[in-house]
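Numbering (the numbering used here), first residue to last: 727 to 859.
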């Protein structure tokens, strides 16, 4: 789900995303069965064709993930020397805010509804990024 990926992108460290997950691929249970004992790693090693990648790039879930990853890579609010604030959470709400050099990146998630809002704001207070799902 998109909210889970948004949380991952806002966590400290460099987000790592399997390409099959990026393209909203499915677990390959047949590959696990064919591999036999110890073949559990085959579950997410599906090779996508160029046509499958092209179709994936046309889907909202893939485009949203790419937008989030670009935002994370380009927004100056993220960084090893940035401040991350985690607001007091409730059972269904998570709010993370990164700040650095006047920039801000904020994620608000409704964990029950699996929805989120991700925003970026520059030092002048101008919103530079918004993704709401």
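Where is the CB? At the ideal position from N, CA and C, for every residue including glycine.
Are the C-beta of residue i and some C-beta of chain B separated by less than 9 Å?
i	result
residue 847	Looking for chain B here will not work: only one protein chain is present.
Give the secondary structure of residue i by DSSP, where H, G and I count as helix, E and B as strand, and everything else as coil.
i	result
residue 800	helix
residue 752	coil
residue 778	helix
residue 852	coil
residue 847	strand
residue 837	coil
residue 830	strand
residue 809	strand
For residue i and residue j, what's the separation of their Cα atoms in angstroms?
i	j	result
residue 794	residue 764	34 Å
residue 735	residue 773	24 Å
residue 845	residue 831	6 Å
residue 778	residue 747	13 Å
residue 808	residue 739	11 Å
residue 749	residue 799	19 Å
residue 822	residue 803	12 Å
residue 780	residue 796	19 Å
residue 792	residue 815	27 Å
residue 730	residue 817	15 Å
residue 760	residue 737	35 Å
Between the beta-carbon of residue i and the beta-carbon of residue j, is there less than 9 Å?
i	j	result
residue 853	residue 843	no
residue 732	residue 857	yes
residue 826	residue 805	yes
residue 728	residue 859	yes
residue 812	residue 829	no
Locate the alpha helix (DSSP H) running through residue i, then write down its first and last residues.
i	result
residue 736	728–736
Hey, could you find the ends of the beta strand (DSSP E) residue i is sitting in?
i	result
residue 784	That residue, residue 784, is in no beta strand (DSSP E); it is neither H nor E in DSSP.
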